[in-house]
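Working notes, beginning with the structure itself.
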Amino acid sequence: MATDLNGAAVAFLAAPEGTEQVELTEPWTAVEKAGGRPQLVSTSSGRIQAFNHLDRGDHFTVDATVGEVSADDFAALVLPGGVANPDFMRMDRRAVEFTKGFFDKAKPVAAICHAPWMLVEADAVSGRRLTSFPSLRTDIANAGGEWVDEEVVVCSMGPNKLVTSRKPDDIPAFNETLLNVFSE
5 MATDLNGAAV AFLAAPEGTE QVELTEPWTA VEKAGGRPQL VSTSSGRIQA FNHLDRGDHF
65 TVDATVGEVS ADDFAALVLP GGVANPDFMR MDRRAVEFTK GFFDKAKPVA AICHAPWMLV
125 EADAVSGRRL TSFPSLRTDI ANAGGEWVDE EVVVCSMGPN KLVTSRKPDD IPAFNETLLN
185 VFSE
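The opening position of the sequence shown corresponds to residue 5 in the working numbering, with each subsequent residue numbered one higher.
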């Protein structure tokens, strides 16, 4: 399957602090190499602080805030994980609405590790099959989703295609799959 993104803009939604760095940088690089234009979106301007598990990682410059852009501005959305990242983002109404916009517009979404918490908050998992970090299993089930323990899951049941993975070890499969889905 072709994975040329032909200059498509892909949003990466991350909190000001707490994003798992490898879950941001590896998919970002994959999107760039496939000809996409990754854009970092956050709740505030400036820079975000990424983490390598519990240790501070690098800073990354925000391209736009959730108040400045919408799903209309992008072809797809990537939700990196990290425990603190989606926990913070799900409490921000604008971030939740931004995420929900991709489902409303039937645009593909990819989420890894703890990021499916945003999907739960955006009311986007009911009737869908997905995976995540195992600690989210109950949250996903309580929101009406079917949680499975698989490296990567693509769910087409619903308004859009949803790609999910469990953890950093799954990133190679996550990247390959999201590129295939985003290039359709």
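Glycine residues also receive a C-beta, built at the ideal position from the N, C-alpha and C atoms. What you are looking at is a predicted structure, and each value in this text was computed from that prediction instead of being measured.
Of the residues the options, the one placed nearest residue i, counting alpha carbons only
| i | options | result |
| --- | --- | --- |
| residue 45 | 67, 108, 148 | 67 |
| residue 58 | 72, 131, 26 | 26 |
| residue 176 | 14, 17, 156, 43 | 156 |
| residue 8 | 35, 94, 29 | 35 |
| residue 132 | 80, 179, 85, 161 | 161 |
| residue 174 | 39, 109, 30 | 30 |
| residue 41 | 82, 47, 118, 116 | 82 |
| residue 91 | 151, 154, 118 | 118 |
Length of the line joining the Cα atoms of residue i and residue j
| i | j | result |
| --- | --- | --- |
| residue 73 | residue 185 | 22 Å |
| residue 65 | residue 52 | 6 Å |
| residue 55 | residue 94 | 18 Å |
| residue 149 | residue 187 | 26 Å |
| residue 114 | residue 183 | 10 Å |
| residue 138 | residue 69 | 30 Å |
| residue 122 | residue 86 | 12 Å |
| residue 17 | residue 108 | 17 Å |
| residue 32 | residue 146 | 31 Å |
| residue 10 | residue 37 | 11 Å |
Cβ-Cβ separation, residue j to residue i (assumed contact under 8 Å), whole Å
| i | j | result |
| --- | --- | --- |
| residue 43 | residue 88 | The Cβ separation is near 22 Å, so there is no contact. |
| residue 158 | residue 181 | 6 Å |
| residue 13 | residue 110 | Not a contact, Cβ separation roughly 16 Å. |
**Report entry** the region 153–169 contacting the region 12–22, beta-carbon criterion three pairs below 8 Å
**Finding:** The answer is no - the region 12–22 does not touch the region 153–169, with fewer than three Cβ pairs under 8 Å.
Query raised in the report: When the Cβ atoms of the region 94–113 are set against those of the region 121–139, are three or more pairs found closer than 8 Å?
Result: Taking 8 Å as the limit for Cβ pairs, the verdict is that the region 121–139 does touch the region 94–113.
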